[in-house]
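Protein chains in written order, with my numbering: chain A, 1 to 96; chain B, 1001 to 1544.
Written out as structure tokens, the structure is:
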């Protein structure tokens, strides 16, 4: 009887040790993964910043004006060109 | 027996201590501690969080004006380089033959550190690594970039190599920016661009030296645009001339001439010393001394009232009004309008006005029409806003969100303000007005022109002018004030050899307001003075 309990305890202790090792190892692997992901995030964030700066550079008013005038032959907007949606409906009802 | 007991006891102690150690070790194995530093790589990256990256600056619409981006420089250690020739060949293969390779001699030297190429991509870095030479590495650094280039360069300012602000908003709000906080300005990049283009056009048409312009909300002081010309690309640090970097709009001090007649009229009406219909004789010049006299360009042979004095821009009339006011009232109102202090704004480039105060009547008179008083265009903008917005104090600001709500301080009465709006409406919209070329077909504009002889080495030049224009739109219910100053416009054939504000600046005012008003969400309005609710003053022509 005593021997069986001894063996059972020994087996369970071994089991716990193996389980513990696995968990710990997994944990550290995940930790590495997290730190890698964190690096990746900061890397991507930096890239996003760079792209945003590039976008701002490309969409600076000076450049857009040049493109609008030269490539698309667009003209300056007159104050009377801008209509409120309510004004349009009013005009429609006044006519009819 | 005694011995056995003793041994048993010893054994017990041993086994207890053994179990304690065992449990200690076992429990420490069970616990999971996070490792502080996992690997060198992550440790290296962690610097980014410690090193606080400077905050961005945005305009009113969220357009990115200033940002900090990371760049990688390629560093080599020539002392451990095995085959410099091979490195050179491979380097040229990767970056193209045009790539500068001016460090050939250093490559063979015993240097430990050599910056080979600035700002390289990770892709190129990997290619460089494949050359297989030791001592190649990347160095990470951060640089400040201004995507808008010269757009609002004077306001934004610059940072030094260490990333500390040295001018403009970058300096004034350095604490906030360096703790990674973003800043949102009231500047509108679109308006900034339109304004700059128009001002530049006038400057080149009249071969002028410099210019400045401000557009500000008349009620809460939020600045939509500040232009100072000549300007510079904010990303470039070399070969900048003083003239380019100097902020004419906020730091430059000028005698702004007749534009100051607005305030003389305001103090006359507010103090009740001069009535609107009181007639003043302006037919003969005022002799101050043998060499000095006050005269008008347009001679008017009959007595005229205050609105007519302003519309015709009579120096004699304004000087006479000032005499009836006296030194005390003039100084009091100049102080109320903010001419006794720097304008409190979120940039460092501001100036204290230089005003000549003495008891001589000539100084009182000349200040009433803008000589002997040097203020910045920003001062003029602020004072114009106060005078025309109903008399409320305005504090110019560049920040979208101001912490403290402004106190409602009444500097001038609403009545005085309305009278001045009515007069300034006529300066632009009456056929006798000096600023009639500023008229817009869509919006009622009001303003005042100013042309001064430039003070060069203590003497007033007979050829060089400074011209100014300040006003508000829509004038019946001012939402924005504008101030434009152009330094030394030259007479041109197309302007009938004239270089006065009415010829140089007025034509751009109407154009400017037509273009920016839709952006500022101001609807076009009908504008007969009767419909606008302005006072109707009758202006008689110079010759009856």
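Every residue, glycine too, gets a C-beta built ideally from N, C-alpha and C. Values in this document were obtained by computation on a predicted structure and should not be read as measured data.
(message) In the DSSP output, which residue or residues are listed as bridge partners for residue 1374 of chain B?
(response) Along the second chain, one-based indexing puts residue 1374 of chain B at 374. Bridge partners of residue 1374 of chain B: B/1255 and B/1354.
(message) With three or more beta-carbon pairs closer than 8 Å as the criterion, would you say the stretch 1484-1491 of chain B touches the stretch 1404-1418 of chain B?
(response) These segments do not touch.
(message) Please state the DSSP three-state secondary structure of residue 1476 of chain B.
(response) As a position in the second chain, residue 1476 of chain B is number 476, starting the count at 1. For residue 1476 of chain B, the three-state secondary structure derived from DSSP is coil.
(request) Please state whether DSSP places residue 10 of chain A in a helix, a strand or coil. (result) As a position in the first chain, residue 10 of chain A is number 10, starting the count at 1. Residue state, collapsed to three classes: helix.
(message) For the stretch 1241-1261 of chain B against the stretch 1362-1378 of chain B, do three or more pairs of beta-carbon atoms, one drawn from each stretch, fall closer than 8 Å, so that the two count as touching?
(response) Verdict: yes, contact present.
(request) Would you identify the three-state DSSP class for residue 1216 of chain B, choosing helix, strand or coil? (result) Looking up residue 1216 of chain B in the second chain gives position 216. Three-state result, residue 1216 of chain B: strand.
(message) Here's the rule: buried if 16 or more other CB atoms are within 10 angstroms of the residue's CB, otherwise exposed. What is residue 1574 of chain B?
(response) No answer is possible for residue 1574 of chain B: the residues shown for chain B start at 1001 and end at 1544.
(request) Verify whether the separation of the beta carbon atoms of residue 1210 of chain B and residue 1226 of chain B is less than 7 Å. (result) Translated into positions along the second chain, residue 1210 of chain B becomes position 210. Translated into positions along the second chain, residue 1226 of chain B becomes position 226. Cβ distance not < 7 Å, so residue 1210 of chain B and residue 1226 of chain B don't count as in contact.
(message) According to DSSP, simplified to helix, strand and coil, what is residue 1165 of chain B?
(response) Residue 1165 of chain B sits at position 165 when you count from the first residue of the second chain. DSSP places residue 1165 of chain B in strand when its eight states are reduced to three.
(request) Taking only runs that begin and end inside the stretch 1152-1207 of chain B, name each unbroken alpha helix (DSSP H) of 4 or more residues, in chain order. (result) Listed in chain order, they are 1153-1156, 1168-1172, 1174-1178 and 1189-1205.
(request) Measure the C-alpha to C-alpha separation of residue 1409 of chain B and residue 1291 of chain B and round it to an integer number of angstroms. (result) In the second chain, counting from the first residue as 1, residue 1409 of chain B sits at position 409. In the second chain, counting from the first residue as 1, residue 1291 of chain B sits at position 291. Whole-angstrom Cα-Cα distance: 44 Å.
(message) Quick check on the DSSP output: what are the complete alpha helix (DSSP H) runs of length 4 or more inside the stretch 1461-1519 of chain B, in order along the chain?
(response) Listed in chain order, the complete alpha helix (DSSP H) runs (minimum 4 residues) inside the stretch 1461-1519 of chain B are 1501-1504 and 1506-1516.
(request) Measure from the alpha carbon of residue 1109 of chain B to the alpha carbon of each residue in B/1134, B/1080, B/1393 and B/1090, then state which is nearest. (result) Stepping through the second chain from its first residue, residue 1109 of chain B is reached at position 109. Considering only B/1134, B/1080, B/1393 and B/1090, the residue with the shortest C-alpha distance to residue 1109 of chain B is B/1080.
(message) Between residue 1037 of chain B and chain A, is any beta-carbon pair separated by less than 7 Å?
(response) Within the second chain, residue 1037 of chain B is the residue found at index 37, counting from 1. Any reading at residue 1037 of chain B must be qualified, since the residue scores a pLDDT of 49, below 50, and its modelled position is unreliable; the value itself is stated next. Chain A, which has no Cβ nearer than 7 Å to the Cβ of residue 1037 of chain B, makes this no.
(request) Measuring alpha carbon to alpha carbon, tell me which of B/1299, B/1222, B/1172 and B/1229 ends up nearest residue 1617 of chain B. (result) Nothing about residue 1617 of chain B can be read from this structure; chain B reaches only from 1001 to 1544.
(message) Quick check on residue 1020 of chain B - is its C-beta less than 7 Å from some C-beta in chain A?
(response) Position 20 of the second chain, counted from the first residue, corresponds to residue 1020 of chain B. For residue 1020 of chain B, the answer is no, since every Cβ of chain A falls outside 7 Å of its Cβ.
(message) With a threshold of 7 Å between beta-carbons, can residue 62 of chain A be considered close to chain B, or not?
(response) If you number the first chain from 1, residue 62 of chain A lands on position 62. Taking Cβ atoms only, chain B reaches closer than 7 Å to residue 62 of chain A, which makes this a yes.
(message) Using DSSP's beta-bridge definition, name the partner residues of residue 1073 of chain B.
(response) Within the second chain, the letter at position 73 stands for residue 1073 of chain B. Residue 1073 of chain B is bridged to B/1139.
(request) Using alpha carbons as the reference points, say which of B/1502, B/1480, B/1508 and B/1496 lies closest to residue 1547 of chain B. (result) Residue numbering for chain B in the displayed model covers 1001 to 1544; residue 1547 of chain B lies beyond these limits and cannot be assessed.
(message) Please tell me whether residue 9 of chain A has its Cβ less than 7 Å away from any Cβ of chain B.
(response) The count along the first chain starts at 1 and reaches residue 9 of chain A at position 9. Residue 9 of chain A does not count as touching chain B.
(message) If you measure between the beta carbons of residue 1422 of chain B and residue 1535 of chain B, is that distance less than 7 Å?
(response) For the purposes of this step, residue 1422 of chain B is identified with residue 422 of the second chain, where counting begins at 1. For the purposes of this step, residue 1535 of chain B is identified with residue 535 of the second chain, where counting begins at 1. Cβ atoms of residue 1422 of chain B and residue 1535 of chain B: closer than 7 Å.
(message) For the stretch 1437-1464 of chain B, list every residue whose C-beta sits within 8 Å of some C-beta in chain A, in sequence order.
(response) Answer in chain order: 1442 and 1443.
(request) Would you check if the distance between the CB atom of residue 1425 of chain B and the CB atom of residue 1524 of chain B is smaller than 7 Å? (result) By one-based count along the second chain, residue 1425 of chain B stands at place 425. By one-based count along the second chain, residue 1524 of chain B stands at place 524. For residue 1425 of chain B and residue 1524 of chain B, no; Cβs fall outside 7 Å.
(message) Taking the alpha helix (DSSP H) that residue 1316 of chain B belongs to, which residues open and close that run?
(response) The count along the second chain starts at 1 and reaches residue 1316 of chain B at position 316. Per DSSP, residue 1316 of chain B is one residue of the alpha helix (DSSP H) stretching across 1315-1325.
(request) Using three-state DSSP, classify residue 1042 of chain B as helix, strand or coil. (result) Taking the first residue of the second chain as 1, we reach residue 1042 of chain B at position 42. Interpretation of residue 1042 of chain B is limited by its pLDDT of 42, a score under 50 that renders its predicted location unreliable; the figure taken from the coordinates is listed afterwards. Helix.
(request) List the endpoints of the continuous beta strand (DSSP E) containing residue 1449 of chain B. (result) Taking the first residue of the second chain as position 1, residue 1449 of chain B is located at position 449. Residues 1446-1456.
(message) Using a Cβ-Cβ cutoff of less than 7 Å, which residues in the same chain neighbour residue 1059 of chain B once the five nearest sequence positions on both sides are dropped?
(response) The residue you call residue 1059 of chain B lines up with position 59 of the second chain. Cβ neighbours of residue 1059 of chain B beyond the five flanking positions: 1065, 1185, 1187, 1188 and 1189.
(message) Within 10 Å of its beta-carbon, does residue 1324 of chain B have 16 or more other beta-carbons around it, so buried, or fewer, so exposed?
(response) On the second chain, position 324 is the one that residue 1324 of chain B refers to. By the neighbour-count rule (16 or more Cβ atoms within 10 Å), residue 1324 of chain B is not buried but exposed.
(request) With 7 Å as the threshold, decide whether the Cβ of residue 57 of chain A is near any Cβ in chain B. (result) Locating residue 57 of chain A in the first chain gives position 57, counting from the first residue. Cβ-Cβ to chain B under 7 Å: yes for residue 57 of chain A.
(message) Determine whether the beta carbon atoms of residue 1145 of chain B and residue 1067 of chain B lie at a separation below 7 Å.
(response) Residue 1145 of chain B sits at position 145 when you count from the first residue of the second chain. Residue 1067 of chain B sits at position 67 when you count from the first residue of the second chain. Against a cut-off of 7 Å, the Cβ pair of residue 1067 of chain B and residue 1145 of chain B comes out as a contact.
(request) Note down, in chain order, every chain A residue with its Cβ under 8 Å from the Cβ of residue 1067 of chain B. (result) What you label residue 1067 of chain B is simply residue 67 of the second chain in a count that begins at 1. Simply 49, 52, 53 and 56.
(request) Starting from residue 1223 of chain B, trace the beta strand (DSSP E) both ways and give me its first and last residue. (result) Stepping through the second chain from its first residue, residue 1223 of chain B is reached at position 223. First-last of the beta strand (DSSP E) with residue 1223 of chain B: 1223-1229.
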